[in-house]
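First to last, the sequence lines map onto chains A and B.
Letter 278 of the first sequence, counting from 1, is numbered 278 in UniProt numbering, and no numbers are missing.
Letter 73 of the second sequence, counting from 1, is numbered 73 in UniProt numbering, and no numbers are missing.
No residue lacks a Cβ here, since even glycine has one placed at the ideal position from N, Cα and C.
Keep in mind the model is a prediction, meaning the values are calculated, not measured.
Step one of this worksheet: look at the structure below.
There are 2 protein chains.
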Amino acid sequence: MKKKRPTLQDVADLVGVTKMTVSRFIRNPEQVSDALRDKIQTALDELGYIPNRAPDILSKSKSHAIGVLLPSLTNQVFAEVIRGIEAVLEPEGYQTMLAHFGYSQELEEQRIATLLSYNVDALILSESQHTPKAQKMLENAGVPVIEIMDSTSKSPLHVIGIDNCSAAREMTQTMIDHGHRNIVYFAARMDERTLQKVEGYKQAMAANGLTSVVKETHSASSFTLGAKFLEEVLSEHPDTDGIFCTNDDLAIGALYACQKKGLQVPEQIGIAGFHGHDIARAMVPLLATVVTPREEMGRLAAKALLKGLQGESIKKQVIELPYQIECGESIKAL
Amino acid sequence: MKKKRPTLQDVADLVGVTKMTVSRFIRNPEQVSDALRDKIQTALDELGYIPNRAPDILSKSKSHAIGVLLPSLTNQVFAEVIRGIEAVLEPEGYQTMLAHFGYSQELEEQRIATLLSYNVDALILSESQHTPKAQKMLENAGVPVIEIMDSTSKSPLHVIGIDNCSAAREMTQTMIDHGHRNIVYFAARMDERTLQKVEGYKQAMAANGLTSVVKETHSASSFTLGAKFLEEVLSEHPDTDGIFCTNDDLAIGALYACQKKGLQVPEQIGIAGFHGHDIARAMVPLLATVVTPREEMGRLAAKALLKGLQGESIKKQVIELPYQIECGESIKAL
DNA sequence: TTTTGTATTGTTAACGGTAACATTACCACA
DNA sequence: TGTGGTAATGTTACCGTTAACAATACAAAA
Numbered sequence: 001m002k003k004k005r006p007t008l009q010d011v012a013d014l015v016g017v018t019k020m021t022v023s024r025f026i027r028n029p030e031q032v033s034d035a036l037r038d039k040i041q042t043a044l045d046e047l048g049y050i051p052n053r054a055p056d057i058l059s060k061s062k063s064h065a066i067g068v069l070l071p072s073l074t075n076q077v078f079a080e081v082i083r084g085i086e087a088v089l090e091p092e093g094y095q096t097m098l099a100h101f102g103y104s105q106e107l108e109e110q111r112i113a114t115l116l117s118y119n120v121d122a123l124i125l126s127e128s129q130h131t132p133k134a135q136k137m138l139e140n141a142g143v144p145v146i147e148i149m150d151s152t153s154k155s156p157l158h159v160i161g162i163d164n165c166s167a168a169r170e171m172t173q174t175m176i177d178h179g180h181r182n183i184v185y186f187a188a189r190m191d192e193r194t195l196q197k198v199e200g201y202k203q204a205m206a207a208n209g210l211t212s213v214v215k216e217t218h219s220a221s222s223f224t225l226g227a228k229f230l231e232e233v234l235s236e237h238p239d240t241d242g243i244f245c246t247n248d249d250l251a252i253g254a255l256y257a258c259q260k261k262g263l264q265v266p267e268q269i270g271i272a273g274f275h276g277h278d279i280a281r282a283m284v285p286l287l288a289t290v291v292t293p294r295e296e297m298g299r300l301a302a303k304a305l306l307k308g309l310q311g312e313s314i315k316k317q318v319i320e321l322p323y324q325i326e327c328g329e330s331i332k333a334l
Numbered sequence: 001m002k003k004k005r006p007t008l009q010d011v012a013d014l015v016g017v018t019k020m021t022v023s024r025f026i027r028n029p030e031q032v033s034d035a036l037r038d039k040i041q042t043a044l045d046e047l048g049y050i051p052n053r054a055p056d057i058l059s060k061s062k063s064h065a066i067g068v069l070l071p072s073l074t075n076q077v078f079a080e081v082i083r084g085i086e087a088v089l090e091p092e093g094y095q096t097m098l099a100h101f102g103y104s105q106e107l108e109e110q111r112i113a114t115l116l117s118y119n120v121d122a123l124i125l126s127e128s129q130h131t132p133k134a135q136k137m138l139e140n141a142g143v144p145v146i147e148i149m150d151s152t153s154k155s156p157l158h159v160i161g162i163d164n165c166s167a168a169r170e171m172t173q174t175m176i177d178h179g180h181r182n183i184v185y186f187a188a189r190m191d192e193r194t195l196q197k198v199e200g201y202k203q204a205m206a207a208n209g210l211t212s213v214v215k216e217t218h219s220a221s222s223f224t225l226g227a228k229f230l231e232e233v234l235s236e237h238p239d240t241d242g243i244f245c246t247n248d249d250l251a252i253g254a255l256y257a258c259q260k261k262g263l264q265v266p267e268q269i270g271i272a273g274f275h276g277h278d279i280a281r282a283m284v285p286l287l288a289t290v291v292t293p294r295e296e297m298g299r300l301a302a303k304a305l306l307k308g309l310q311g312e313s314i315k316k317q318v319i320e321l322p323y324q325i326e327c328g329e330s331i332k333a334l
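This is the structure in structure tokens:
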């Protein structure tokens, strides 16, 4: 019953030629005589031939697939990065193979091995820290690799990202400029980029002689976590008049919690997020946020890889993309 | 310079055995003598050997990868489906290959061909309509295929989904029960499932002697589209006192637009969404919505495929999952 | 010592395309 | 009639791993 799928040989047998002729017809019909063309096409249709990349991958070690390794697939932040990557790769005929590692280095190592075992032609990573084994694999794989998200990464790879620390510092300073004083930072995941944002926040607070307070958890950020943090902060630090969140989800969750409690935003408490998702820029009040060029980041990374695939060797290079501080309505007016 | 990656042969040469011995060591170290084990491991580490699945895929036509075909990757709805699928497949050692086709049948055909050309072991689809060529490929591929999202699909495949029509009908009826009368439907994309929801909405309106009004577009839904639709509806149908949206994004966008205009929700206008995203269930006011079991759907689909992969033939079967009408605060209290 | 068994390693072939080279057929032209 | 050229098709080998089978070595049993 499990009729296995037809091969070129099956098609060739049906027509009465060798599979080489069928192969030629598929890739370049001109090379085949008029008499055969129709017959071969008919046979292909009749058998429902499906191309098979495995032999080509085996003999040329080229899969025409690009591996993309992200911490999380469900996080909106990365959705936009993916969109950017695909916008560039797809027209070039490359398939994107997505994998995620849930912010764990060990899982990342496994995922790198998996993607490479499928002979991806190139890799896009989103962390600078890898296990030694992962590093060795990346070196040995002989494929272009690029890292995204963090322009301050110490990675030896070609890097495209933003300066999270300075972005957080600027946003914090903006909140301070707007009159907020007791600003608390809401963190989650505690990955490298979050730590950098915390650092930027602390720098700005210290520079203004203010005291830093960081709420943190290793679990994922969510609307409900933002709400939970807000409740806690209000009882632990009743004089809090500002919240800066490591991403928009937390900020929006916190904002809703304020609305439920009848707290005025921004009058009583200012709230800012990070990344500038659609919703942040549509909601009422407009959320103050750091708009990051996520799609652009993906697009540039993909373009760089394409160059690498066309032979140009990818030189170690750091491209820092600009972010944008959006004041919104959720922090006080100047 | 482009040192290509080490093969089993390279490792074997280094140790002074045949690649077969190395292959055995990798898959089952017990089969190799004590004396060799260390040597082989050392050689593997030294060369940074990366397994290569291509030969295996070629000879066994098994890639240990599952293809998942979705209309859109960035849509939150599918993010949860993916999470469910991976939650089941990953522990079993299967890699998920995601592809999206932007709601186009032609693109879907291409994506099916691509995924099959990589020898995916099974496929999860999310549409019931395919091009004839795509259908033929699916038949010939000889891999388990399952369809998700729509339990009323006429597809000949094994189907796991919900009844969109009845869900929309129920939600509309709920809004009517709560006192809303001039309810307008906000649609987007106009794919099969949206059409079914529109149908359900119309049924409920008709059953109550009310007039249906549908705002529609072929473009993607978004917060801004919801806001735009609301503006238009208010001028075209000033007596509108209810909005039912094909998904939460539109609903939230419409709700924000109401807040901006100072319209009272739900007193002056009731708003309901579809799918029950996190944010809908955290926001103020709580959004009335149809909560759909998206993660569960993915999980069940993956489980069914696993069974199919373990030899049990997948019998054509329709599994209808329950949805849940959540009244929220964005429609009037009873 | 010879036989038998077992543990370990080696050898061969196969998977399905395609590059590279070989062959065939047919026509034009000398 | 034979020669050369070209268009069309055929043949062979290869990519890296592993299943299946073969061979070897060495220890235990006869």
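- Message: I need the DSSP call for D150 of chain B, collapsed to helix, strand or coil.
- Response: The sequence position of residue 150 of chain B within the second sequence is 150, counting from 1. Looking at D150 of chain B - three-state DSSP - the assignment turns out to be strand.
- Item | Residue from B:D121, B:A304, B:G311 and B:I331 whose Cα sits closest to the Cα of V318 of chain B | Locating residue 318 of chain B in the second sequence gives position 318, where the first residue counts as 1. Of B:D121, B:A304, B:G311 and B:I331, the residue nearest in Cα terms is B:A304.
- Note the first and the last residue of the continuous beta strand (DSSP E) segment covering T96 of chain A. As a first step, residue 96 of chain A must be located in the first sequence, where it is residue number 96. Its beta strand (DSSP E) spans residues Q95 to H100.
- Item | Reduced DSSP category for Q310 of chain B - H, G, I as helix; E, B as strand; rest coil | In the second sequence, the residue the question calls residue 310 of chain B occupies position 310. Note: Q310 of chain B maps to coil in three-state DSSP.
- Task: Please determine if the region 129-138 of chain A and the region 162-181 of chain A are in contact, where contact requires at least 3 C-beta pairs separated by less than 8 Å.
- Result: no
- Compute the Euclidean distance between the alpha carbons of I162 of chain B and K133 of chain A, then round it to the nearest angstrom. Locating residue 162 of chain B in the second sequence gives position 162, where the first residue counts as 1. Locating residue 133 of chain A in the first sequence gives position 133, where the first residue counts as 1. Distance between the alpha carbons of I162 of chain B and K133 of chain A: 45 Å.
- Query: Grouping DSSP H, G and I as helix and E and B as strand, with all else coil, what is G161 of chain B?
  - Reply: As a working mapping, residue 161 of chain B is identified with position 161 in the second sequence. G161 of chain B falls in the strand class under three-state DSSP.
- Check whether the Cβ atoms of H218 of chain A and V77 of chain A lie closer than 8 Å to each other. As a first step, residue 218 of chain A is located in the first sequence; it is residue number 218 there, counting from the start. As a first step, residue 77 of chain A is located in the first sequence; it is residue number 77 there, counting from the start. No.
- If you compare alpha carbons, which of A:I85, A:L157 and A:Q129 is closest to L315 of chain A? As a position in the first sequence, residue 315 of chain A is number 315, starting the count at 1. The question names Leu, yet the displayed sequence has Lys at residue 315 of chain A. Ranking A:I85, A:L157 and A:Q129 by Cα distance to K315 of chain A puts A:L157 first.
- Message: Going by C-alpha to C-alpha distance, which of A:E109, A:P144, A:V159 and A:V143 sits closest to D150 of chain A?
- Response: Within the first sequence, numbered from 1, the residue matching residue 150 of chain A stands at position 150. Looking at the Cα atoms, A:V159 is the closest of the given residues.
- Proximal residues to H277 of chain A (C-beta, below 6 Å), its chain only, five neighbours per side dropped: As a working note, residue 277 of chain A is residue 277 in the first sequence. Around H277 of chain A: Q76 and D248.
- For L58 of chain B, go through chain A and note every residue whose CB falls closer than 7 Å to its CB, in chain order. Counted from its first residue, the second sequence places residue 58 of chain B at position 58. Going along chain A in sequence order, the residues near L58 of chain B (Cβ under 7 Å) are A54, P55 and L58.
- Hey, could you find the ends of the alpha helix (DSSP H) I269 of chain A is sitting in? Here residue 269 of chain A refers to the residue found at position 269 of the first sequence. Premise fails: I269 of chain A is in no alpha helix (DSSP H) and is neither H nor E.
- Message: Just verifying my parser: in three-state terms, what is the DSSP assignment at L116 of chain A?
- Response: Here residue 116 of chain A is taken as the residue at index 116 of the first sequence, counted from 1. Reduced to three states, the DSSP call for L116 of chain A is helix.
- Query: Taking the alpha-carbon positions, what's the T194 of chain A to K202 of chain A distance?
  - Reply: The residue you call residue 194 of chain A lines up with position 194 of the first sequence. The residue you call residue 202 of chain A lines up with position 202 of the first sequence. C-alpha separation (whole angstroms): 12 Å.
- Under 6 Å Cβ to Cβ from A280 of chain B, same chain only, skipping five residues before and after it: list those, please. Walking along the second sequence from the start, residue 280 of chain B turns up at place 280. Only D248, G273, L287 and T289 meet the Cβ criterion.
- For the region 220-245 of chain A, which residues have a beta carbon sitting closer than 7 Å to at least one beta carbon of chain B? S222, F223, T224 and A227
- Message: If you follow the beta strand (DSSP E) that G328 of chain B is in, where does it begin and where does it stop?
- Response: For this step, residue 328 of chain B is matched to residue 328 along the second sequence. Looking at the DSSP string, G328 of chain B is not in any beta strand (DSSP E), and its letter there is neither H nor E.
- Message: Please report whether the beta-carbon of E139 of chain A lies at a distance below 8 Å from any beta-carbon of chain B.
- Response: By one-based count along the first sequence, residue 139 of chain A stands at place 139. So yes, E139 of chain A belongs to the interface.
- Task: Flag this pair as yes or no: are the beta carbons of T246 of chain B and S221 of chain B separated by less than 8 Å?
- Result: The residue given as residue 246 of chain B occupies position 246 in the second sequence. The residue given as residue 221 of chain B occupies position 221 in the second sequence. Yes, the pair counts as a contact, with Cβ atoms nearer than the cut-off.
- Message: Just to make sure I have the definition right: I need the residues of chain B whose C-beta is within less than 8 Å of the C-beta of A113 of chain A. Which are they?
- Response: Within the first sequence, the letter at position 113 stands for residue 113 of chain A. By Cβ distance, chain B contributes I50 and P51.
- Message: Between which residues of its own chain and A333 of chain B is the CB-CB distance below 6 Å, once the five residues before and five after are set aside?
- Response: Here residue 333 of chain B refers to the residue found at position 333 of the second sequence. So the list is empty, once near-sequence residues are dropped.
- Message: Let's test the definition: count the other Cβ atoms within 10 Å of the Cβ of M1 of chain A and tell me whether it reaches 16, buried, or not, exposed.
- Response: As a first step, residue 1 of chain A must be located in the first sequence, where it is residue number 1. Its pLDDT being 39, under 50, M1 of chain A is placed unreliably in this model, and the coordinates cannot settle the point.
- Message: Can you give me the C-alpha to C-alpha distance between V32 of chain A and S63 of chain B, rounded to a whole angstrom?
- Response: For the purposes of this step, residue 32 of chain A is taken as the residue at position 32 of the first sequence. For the purposes of this step, residue 63 of chain B is taken as the residue at position 63 of the second sequence. If you take the alpha carbons of V32 of chain A and S63 of chain B, they lie about 33 Å apart.
- Could one say the Cβ of S61 of chain B lies closer than 8 Å to chain A's Cβ atoms, at least one of them? Start at 1 with the first residue of the second sequence, and residue 61 of chain B comes out as number 61. Yes, S61 of chain B lies at the interface with chain A (some Cβ there is under 8 Å from its Cβ).
- Message: By alpha-carbon positions, which one of A:E127, A:G270 and A:E329 ends up nearest to K260 of chain B?
- Response: In the second sequence, counting from the first residue as 1, residue 260 of chain B sits at position 260. Of the listed residues, the one whose Cα sits closest to K260 of chain B is A:E329.
- For chain B, is any of its Cβ atoms less than 8 Å away from the one on R27 of chain A? As a working mapping, residue 27 of chain A is identified with position 27 in the first sequence. Chain B, which has no Cβ nearer than 8 Å to the Cβ of R27 of chain A, makes this no.
- Message: List, in chain order, every chain B residue whose beta-carbon is nearer than 7 Å to that of D278 of chain A.
- Response: Walking along the first sequence from the start, residue 278 of chain A turns up at place 278. Within chain B, the residues near D278 of chain A are S222 and F223.
- Message: Just checking: is the beta-carbon of P155 of chain B within a distance shorter than 8 Å of some beta-carbon in chain A?
- Response: Stepping through the second sequence from its first residue, residue 155 of chain B is reached at position 155. Strictly speaking, residue 155 of chain B in this sequence is Ser, with Pro absent from that position. It does not: the Cβ of S155 of chain B has no partner Cβ on chain A nearer than 8 Å.
- Query: From S104 of chain A to L98 of chain A, what distance separates their C-alpha atoms?
  - Reply: Along the first sequence, one-based indexing puts residue 104 of chain A at 104. Along the first sequence, one-based indexing puts residue 98 of chain A at 98. Using only the alpha carbons, I get a separation of about 16 Å.
- Message: Suppose contacts are defined by Cβ-Cβ distances below 8 Å. Is L69 of chain B in contact with R111 of chain B by that definition?
- Response: Locating residue 69 of chain B in the second sequence gives position 69, counting from the first residue. Locating residue 111 of chain B in the second sequence gives position 111, counting from the first residue. Against a cut-off of 8 Å, the Cβ pair of R111 of chain B and L69 of chain B comes out as a contact.
- Query: So what does DSSP say about G209 of chain B, is it helix, strand or coil?
  - Reply: Counting from 1 along the second sequence, the entry for residue 209 of chain B is found at position 209. Coil, per DSSP.
- Query: Taking Cβ positions, are I331 of chain B and H178 of chain B nearer each other than 8 Å?
  - Reply: Taking the first residue of the second sequence as 1, we reach residue 331 of chain B at position 331. Taking the first residue of the second sequence as 1, we reach residue 178 of chain B at position 178. Going by C-beta atoms, I331 of chain B is nearer than 8 Å to H178 of chain B.
- Measuring CB to CB, does A54 of chain B end up less than 8 Å from Y118 of chain B? Along the second sequence, read from residue 1 onward, the residue named residue 54 of chain B stands at position 54. Along the second sequence, read from residue 1 onward, the residue named residue 118 of chain B stands at position 118. Cβ atoms of A54 of chain B and Y118 of chain B: not closer than 8 Å.
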